[in-house]
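Chains as they are written, first to last, in full-length UniProt numbering: chain A, 1 to 430; chain B, 1 to 173. Worksheet: one structure, shown below.
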């Protein structure tokens, strides 16, 4: 990395700590040939006239049926989190390595997992979806039949209600990457049958107000879902990023409820039971309810609140010296579009608007970016998102004040990253 | 389907831009004997509870044999979400925090133990629900749990919940 940067006086600052005007996004990068923009070391080109890599001297590999990431990318893995691996290994989670990804779509093999009873081996030929209860015509569908139905395609994030739980409850900030801290968050293009088409075929009766969705996993995970949500934008998802849904995501079919907490998007979906009331299943009785500061609780807290985090740079990364960087991160809301993301490079003393990378889609991850001239002094980076309902991401003390100290669900507070003079990026609370 | 077509006509007549996509109607009839128990859920008022009975003492034996590895000797130690409270691990113990006792029976029957889900009989599930409730001080030691008694259990935390969907819909709390 060269420190031979443009004079700071030539730069157009948008806020304190070195945040640059968004006009600098294109200008500075072009002027510096792109190499400095990435903050990466420039390969030495001493032998430019004569160096011949081995791979240009041999025959390449033949075509293959299913492509895999480059071998050098093998370390890009989900972070496996098994809180009770000795006694209950089926209760198994993995976090998406957000700090190693760009764009907004999560590769299917890196989509986060939260399994309350492990990943089942579902035989697609035997699997069926039942719709029953308060319907005129109880029905069952096999996978082949569902293939003939009209399909919609939509890009949506999924976030576990327990995402970022370490920041919610740990007294001291955990020094870990975004995969561990915030990795129960992913974003995919989902294709499948609108739930309303299937429910209409069964004929929901007027007294049918809720739908208990059940998965075909060992514990038969069950959640009660308001009929309004099912009919409004529920999808029986069969495809994820163009291919059949991965086993980890519910093969051969899952329920997709855009913007609602991950647990409700029931995987390996096998039953939709229409009822007149919520069943108060295990997951909506204790596991996904939140205790408030006064000791009372809230239940049926379905939608994910507005949230953002900076992924580049983020904890466990090391800066490669002062100079130009592009701050980049993700923002999302379970109730609409991201309207605005502000970034601070001076611990919240001043803020500037980041660029939202198109397309900005409702209930989907939005990438934001912000040019930054780091002068090498210690500082704190933060982002805060607004959605189009006017909601603003809270600071951690404000979020904590609303809940019982034990609550780790629906944590959407601002994530500050401390950058040391040595260039280490650390998780901190503000 | 008749209902959908009728609704479509209404929507079109009302000038709505909503277009109901029609499917190919390939769903096959589903009869009640084809529906496994886990495709429904026992409701808080007791609908769906099967015949059977179990006492706290009977539940204690099953708990000791099959449950302590995850939930602890007395149901308070854990490590996994101990159902007896108060405890130092889990602020939402099933036997005192959950609003309805019916959920205990249903979840135990469909999911417990995690490595052998659906292996317990109805009597065993009633007995374990009775044991957990008794350990939490919610029922007496001599009360058997049945389809009649379980829905009558008044859970102590029931009226301590705000129903966010009912009060503000999808707006996050």
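Every residue, glycine too, gets a C-beta built ideally from N, C-alpha and C.
Residue 51 of chain A versus chain B: which residues are under 9 Å apart at the beta carbon?
Neighbours of residue 51 of chain A in chain B, taken as residues at a C-beta separation under 9 Å, are lacking, since the least C-beta distance is about 56 Å.
Buried versus exposed call for residue 196 of chain A [16 or more other C-beta atoms within 10 Å across all chains shown]:
Counting the other Cβ atoms within 10 Å of the Cβ of residue 196 of chain A gives 16 or more, which makes it buried.
With three or more beta-carbon pairs closer than 8 Å as the criterion, would you say the stretch 264-281 of chain A touches the stretch 208-224 of chain A?
Cβ pair count under 8 Å is three or more, so yes.
The beta strand (DSSP E) spanning residue 79 of chain A covers which residue range?
For residue 79 of chain A, the enclosing beta strand (DSSP E) covers residues 79-81.
Counting along the chain, where does the beta strand (DSSP E) carrying residue 400 of chain A start and finish?
Taken as a continuous stretch (DSSP letters only), residue 400 of chain A belongs to no beta strand (DSSP E), being part of the alpha helix (DSSP H) at 396-402.
According to DSSP, is residue 171 of chain B helix, strand or coil?
Three-state DSSP puts residue 171 of chain B in coil, outside helix and strand.
Nearest-angstrom Cβ-Cβ length linking residue 163 of chain A and residue 105 of chain A, presumed shorter than 8 Å:
That belief does not hold up - the Cβ atoms of residue 163 of chain A and residue 105 of chain A are roughly 18 Å apart, past 8 Å.
Name the two residues that bound the continuous beta strand (DSSP E) containing residue 187 of chain A.
Here the beta strand (DSSP E) through residue 187 of chain A covers 185-194.
Could you list which residues in chain A have their beta carbon closer than 7 Å to that of residue 69 of chain B, in chain order?
Within chain A, the residues near residue 69 of chain B are 87.
To the nearest whole angstrom, what separates the beta carbons of residue 331 of chain A and residue 368 of chain A, a pair I think is in contact under 8 Å?
Between residue 331 of chain A and residue 368 of chain A a beta carbon distance of about 6 Å is seen, short of the 8 Å cut, so the two are scored as contacting.
Residue range of the unbroken beta strand (DSSP E) whose run includes residue 142 of chain A:
In the DSSP assignment, residue 142 of chain A falls within the beta strand (DSSP E) that extends over 139-142.
Could you check the C-alpha separation between residue 148 of chain B and residue 56 of chain B for me, to the nearest Å?
Rounded to the nearest whole angstrom, the CA to CA distance from residue 148 of chain B to residue 56 of chain B is 16 Å.
Using the Cα positions of residue 49 of chain B and residue 106 of chain B, report the straight-line distance between them to the nearest angstrom.
Looking at the two C-alpha atoms, the distance is approximately 8 Å.
For the beta strand (DSSP E) holding residue 61 of chain A, just list the boundary residues, first then last.
Unbroken run through residue 61 of chain A: none, as it is neither H nor E.
Do residue 127 of chain B and residue 54 of chain B have their beta-carbon atoms positioned less than 7 Å apart in this structure?
Judged by beta-carbon spacing, residue 127 of chain B lies within the 7 Å limit of residue 54 of chain B, meaning their Cβ atoms are closer than that value.
So which of A:382, A:393, A:209 has the shortest CA-CA distance to residue 347 of chain A?
The shortest C-alpha separation from residue 347 of chain A is found at A:382.
What are the complete alpha helix (DSSP H) segments, minimum 4 residues, inside the stretch 52-122 of chain B?
Given a length threshold of 4 residues, each whole run of the alpha helix (DSSP H) inside the stretch 52-122 of chain B is given here in chain order: 56-66, 68-71, 94-97, 102-111.
Min CB distance residue 153 of chain B to chain A below 7 Å:
Not flagged as an interface residue toward chain A: residue 153 of chain B, since no C-beta distance is shorter than 7 Å.
Between residue 145 of chain B and chain A, is the shortest Cβ-Cβ distance under 7 Å, so that the two count as touching?
Output row for residue 145 of chain B: interface = no.
Can you name the residues that DSSP bridges to residue 371 of chain A?
Residue pairing of residue 371 of chain A in beta bridges, as defined by DSSP: A:326.
Taking the Cβ atom as the reference point for each residue, do residue 272 of chain A and residue 253 of chain A lie within a distance shorter than 7 Å?
Taking a C-beta distance under 7 Å as the contact criterion, residue 272 of chain A and residue 253 of chain A do not qualify as a contact pair.
Residues near residue 41 of chain B in its chain [Cβ-Cβ closer than 8 Å; skip 5 each side]
48, 106.
On the DSSP letters alone, give me the boundaries of the alpha helix (DSSP H) that residue 232 of chain A sits inside.
For residue 232 of chain A, the enclosing alpha helix (DSSP H) stretches over residues 227-233.
Coil, strand or helix - residue 124 of chain B by DSSP:
Helix at residue 124 of chain B.
7 Å is my cut-off, CB to CB: does residue 110 of chain B come that close to chain A?
By this cut-off, residue 110 of chain B is an interface position.
Measuring CA to CA, which of B:166, B:138, B:45, B:171 is closest to residue 156 of chain B?
It is B:138.
Hey, is residue 107 of chain B's beta-carbon within less than 7 Å of any beta-carbon in chain A?
Closer than 7 Å to the CB of residue 107 of chain B there is at least one CB belonging to chain A.
What does residue 163 of chain B touch in chain A if you count any residue whose Cβ is under 7 Å from its own?
Neighbours of residue 163 of chain B on chain A, chain order: 299, 300.
Buried versus exposed, by CB contacts within 10 Å (16 or more), residue 116 of chain B
Residue 116 of chain B should be labelled exposed.
Once DSSP output is grouped into helix, strand and coil, what is the label at residue 255 of chain A?
Residue 255 of chain A falls in the strand class under three-state DSSP.
I want to verify the contact list: residues of chain B whose CB lies under 9 Å from the CB of residue 198 of chain A, in sequence order.
The answer, in chain order, is 23, 27.
Output needed for residue 338 of chain A: all residues of its chain with C-beta closer than 7 Å, excluding positions within five of it in sequence on either side, in chain order.
The beta carbon of residue 338 of chain A lies closer than 7 Å to those of 331, 332, 356, 360, 366, 385, 387 in the same chain, with the five residues before and after it left out.
Residue 131 of chain A, enclosing beta strand (DSSP E) - first and last residue:
In the DSSP annotation of this structure, the continuous segment of the beta strand (DSSP E) that includes residue 131 of chain A starts and ends at 128-133.
Measuring straight from C-alpha to C-alpha, what distance separates residue 417 of chain A and residue 97 of chain B?
Whole-angstrom Cα-Cα distance: 36 Å.
For residue 111 of chain A, count neighbouring C-beta atoms within 10 Å of its own C-beta (all shown protein chains included) and say buried if the count is 16 or more, exposed if not.
Buried.
Would you list, in chain order, the members of the stretch 404-417 of chain A that have their beta-carbon closer than 9 Å to a beta-carbon of chain B?
Taking 9 Å as the Cβ-Cβ cut-off, the stretch 404-417 of chain A approaches chain B at 404, 405, 406, 407, 410, 412, given in chain order.
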